[in-house]
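Note that the sequence shown covers residues 1 to 389 in the UniProt record's numbering.
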Amino acid sequence: MLHDQTFLRTPGPTPIPQRVTHAMNQPMIGHRSKSFAQLFKDTSTRLKPIFGTDQPVYVLTSSGTGALETAVDNVTSKGDKVIVVVAGAFGDRFASICEKHELSTVRLDVPWGESVNQDLLTATLREHQDATAVLVTYNETSTGVLQPIDEIAELVQTHTNALTVVDGVSCIGGVPAYMDRWDIDILVTGSQKAMMLPAGLAFVGVSKRAWERIQANGSSSFYFDLQQYDKQYENGMTPYTPAVSLIQGLQEVCAMLEEETLPEVYKRHEVMKNMTRAGIRALGLPLLTSDEDASPTVTSVKGAEDLDVDAFRNHVRDRFGLSLAGGQKQLKGQIFRIGHMGYCSPVDIITTLSMIEMGLVECGINIELGAGVKAAQEVLINDVPSTSK
Ligand SMILES: *Cc1c(COP(=O)(O)O)cnc(C)c1O
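Here it is, written out as C-alpha cells:
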C-alpha cells in the first residue's frame with residue numbers, strides 16, 4: 001500500500017482539492033491589511049449564492065459547533081422556549097447547546113434514520129406557539145437523512161412567530177439552499193464538509209428578521225457576538241484574528257463551485273447518492289434510510305447480520321487506506337457511513353464501492369465481486385446528461 005494514498009470517505013473531514021491547498025500556501029497577509037479586506041469582501045460576496053441569500057454571511061474562525069452556539073446565543077435569552085428537532089446525534093447536540101444556555105428546550109424526537117413527521121411537527125408547533133426559535137438539522141450526518149427544510153420552514157412560519165434556525169453543516173455547498181426564498185432565519189455551515197476546506201471556519205447566514213431579534217436580544221458571549229462581526233463586515237474584516245489561510249482557500253473553493261456551477265454541483269451530489277445506494281443495494285446490504293429521506297452527501301449502511309461493521313471499517317482502512325465513518329451514539333456498531341460530499345466525484349464512488357466489495361469478501365461476507373460497481377456504473381451512465389463533463 002502507498003502510505004500517502006488514502007481515500008477519505010468520511011462525512012467530514014473531506015478531501016482538499018490541490019488548487020485549494022495551493023491557495024492556502026500563499027504568503028501570510030495581515031488581517032488588517034487592504035489585501036485582506038479585498039479577499040474578505042470577495043469571499044463574503046461569493047458565499048451568498050451558496051446560502052441563497054442577499055444578506056450577509058458572516059465568517060467565524062471556529063468549527064461548526066461554534067456556529068451552532070453562535071446562532072443559539074444571539075437569537076435567544078435564558079428562559080426562552082425553543083423547539084429542537086432531534087433526528088440524530090447532531091440534533092441532539094443542538095438541543096444540548098440550548099439546554100446549556102438554560103433555554104426551555106422542547107425536544108421533538110424523530111426515529112433515527114427518518115425525517116420529521118410533518119403532522120407531528122405541526123402539532124408540536126401548535127402546542128408551543130410561544131417558542132422563539134425552531135432549530136433543525138438540514139442534513140443529519142449521523143443517519144444520512146436530508147430534512148425537507150423548505151417545508152419545515154414553511155410550517156414554522158404558518159404556526160408560530162419563531163425564527164427558523166438551521167444547521168446546514170454537512171450539506172451546504174452540496175445541496176440547494178435558498179435562505180431568502182425559504183424564510184430561513186439563520187443558516188450555518190462549517191468548512192470541513194461540503195466546502196472542501198480543512199476544519200477551522202464556520203459561516204453564518206442571518207436574515208433581516210433574525211437581525212431584529214439579535215439587536216433586541218444582545219449576546220451573552222464575547223467571542224460569538226454577531227453584532228461585533230457585523231460592525232467589521234462592511235470594512236471587510238472580522239473582530240478578531242481570522243484563519244487567513246483558510247479564507248485564501250475559500251476564495252479558490254468559490255472559484256471551483258462557480259466554474260462547475262451550483263446546479264451541476266448539486267446534480268453531482270445527487271448522482272453520487274444514487275450510485276452509492278444502487279451499489280450497496282446490489283450487494284444485498286440494507287440501507288438505513290428511505291430513498292425519499294436519503295442525503296446527497298452521506299449514506300448509512302446497516303451491517304449484514306454476520307458483519308461486524310467496525311471490524312470491517314478497520315479492515316478497509318488498513319488494507320486499502322479507505323476511511324469510512326461508524327455509527328454514533330445509539331447507532332454505534334450498527335452502521336457504517338460513506339461520505340460523498342465536496343471534493344468527491346462519481347468515479348470516486350466506483351473506487352469506493354470496489355474497495356467495499358473486496359473488504360466484505362475478505363471479512364467473510366458472501367457477495368458477488370463487481371455487483372455493486374456495476375450497479376453504480378449503470379446509474380452513472382444513465383443519470384448524467386451527455387452535456388456534463
Ligand atoms: C460536522 C457537523 C457539525 C459540526 O461539527 P464540528 O466538529 O464542530 O465542526 C454540526 N452539525 C452537523 C450536522 C455536522 O455534520
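No residue lacks a Cβ here, since even glycine has one placed at the ideal position from N, Cα and C.
These figures come from a predicted structure and were not determined experimentally.
- If you compare the alpha carbons of CYS363, VAL204, PHE312 with that of ASN74, the shortest gap goes to VAL204.
- In the DSSP annotation of this structure, the continuous segment of the alpha helix (DSSP H) that includes PHE94 starts and ends at 89-100.
- LYS100 is the residue among LEU39, LYS374, SER33, LYS100 whose C-alpha sits nearest the C-alpha of SER220.
- If you draw a straight line from the Cα of PRO13 to the Cα of ILE367, it is about 30 Å long.
- Contact between THR137 and GLY113 does not hold, since their C-beta atoms are separated by about 13 Å, which reaches or exceeds 8 Å.
- Around the beta carbon of ARG268, a 10 Å sphere encloses 16 or more other beta carbons of the protein chains shown; the residue is thus reported as buried.
- Secondary structure in the stretch 262-323: the alpha helix (DSSP H) runs of 4 residues or longer, each lying completely within the stretch, are 262-282, 309-320 in chain order.
- In the displayed model, GLY249 falls within a helix according to three-state DSSP.
- Only buried fits LYS193, as 16 or more other CB atoms lie within 10 angstroms of its CB.
- Per DSSP, reduced to three states, the secondary structure at GLY66 is helical.
- Per DSSP, the beta-bridge partners of ALA202 are LEU60, GLY190.
- The C-beta of SER35 has fewer than 16 other C-beta atoms within 10 Å across all chains shown, which makes the residue exposed.
- Per DSSP, the unbroken beta strand (DSSP E) holding ARG107 starts and ends at 104-109.
- The beta carbon of LEU360 lies closer than 6 Å to those of ILE367 in the same chain, with the five residues before and after it left out.
- The secondary-structure analysis by DSSP pairs ASN139 across a beta bridge with LEU146.
- The beta carbon of VAL316 sits no closer than 6 Å to any heavy atom of ligand 1.
- Residue range 346-362 is occupied by the alpha helix (DSSP H) that includes VAL361, with no beta strand (DSSP E) assigned at that position.
- For SER295, the Cβ stays outside the 6 Å cut-off from all heavy atoms of ligand 1.
- Beta-carbon to beta-carbon, GLN232 and THR238 are separated by about 6 Å, close enough to satisfy the 8 Å threshold.
- Look at ASP167 here: in three-state DSSP terms it is strand.
- Short of 7 Å from the beta carbon of THR122, and not among the five residues preceding or following it, lie these beta carbons of its own chain, in chain order: LEU155, HIS159.
- Of the heavy atoms belonging to ligand 1, at least one sits nearer than 6 Å to the Cβ of SER170.
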